[in-house]
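Take a look at the structure set out below.
Residue numbers (our numbering): 236 to 369.
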């Protein structure tokens, strides 16, 4: 039996969290161990749950998702970070990759892209996926 990939979802929109959880629950190899709506909540949750992957929104009410990603990676709180955003600008993806984020997806992407991103970063790959790229 394969150990599921423990994942945390961080977004300030409850509907996004519900959608991400529902997508993850369709799998046997990924499990959502918690969710948070702010960067501060996320740091506490990640320290508590020790996920393998943190999926974080780039725009949070108390800090930038990029700042949160940098803190997560610097403190080694999660092995991998996947950033998701509604913003189409490639500069966000470039900034995320520069700080060590391995996955970047747009919120308007197909739900299976979230699963692909989580799996890809966990298995040593990197993924940058937008809605207009297959």
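Beta carbons: idealized from backbone N, C-alpha and C, even for Gly. Nothing here was measured: the structure is a model prediction, and the numbers come from that model.
Between 290, 261, 351, which lies nearest to residue 314 when the distance is taken from Cα to Cα?
290
Answer yes if the region 345 to 360 comes into contact with the region 275 to 283, meaning at least three C-beta pairs across the two stretches below 8 Å, and no otherwise.
no
Limits of the unbroken beta strand (DSSP E) element including residue 270
265 to 271
How far does the beta strand (DSSP E) with residue 394 in it extend, from its first residue to its last?
Here the chain comprises residues numbered 236 to 369, so residue 394 is not present and cannot be evaluated.
Spell out the partners DSSP gives residue 292 in its beta bridges.
Under the DSSP definition of a beta bridge, residue 292 partners with 319.
Would you identify the three-state DSSP class for residue 330, choosing helix, strand or coil?
helix
Pairwise C-alpha distance: residue 276 and residue 269
11 Å
In whole angstroms, what separates the C-alpha of residue 312 from that of residue 285?
7 Å
For residue 299 and residue 293, what's the separation of their Cα atoms in angstroms?
Each residue's alpha carbon lies about 6 Å from the other.
Completely contained beta strand (DSSP E) runs for the region 239 to 268, where each covers 3 or more residues
Scanning the region 239 to 268 for uninterrupted beta strand (DSSP E) segments of 3 residues or longer gives 240 to 245, listed from N- to C-terminal end.
Considering only the alpha carbon of each residue, which of 302, 342, 307 lies closest to residue 243?
307
Measure the alpha-carbon distance for residue 355 versus residue 341 and round it to whole angstroms.
If you draw a straight line from the Cα of residue 355 to the Cα of residue 341, it comes to about 16 Å.
Excluding the 5 residues preceding and the 5 following residue 274 in the sequence, name in chain order all residues of the same chain whose CB lies nearer than 6 Å to its CB.
295, 297, 298, 303
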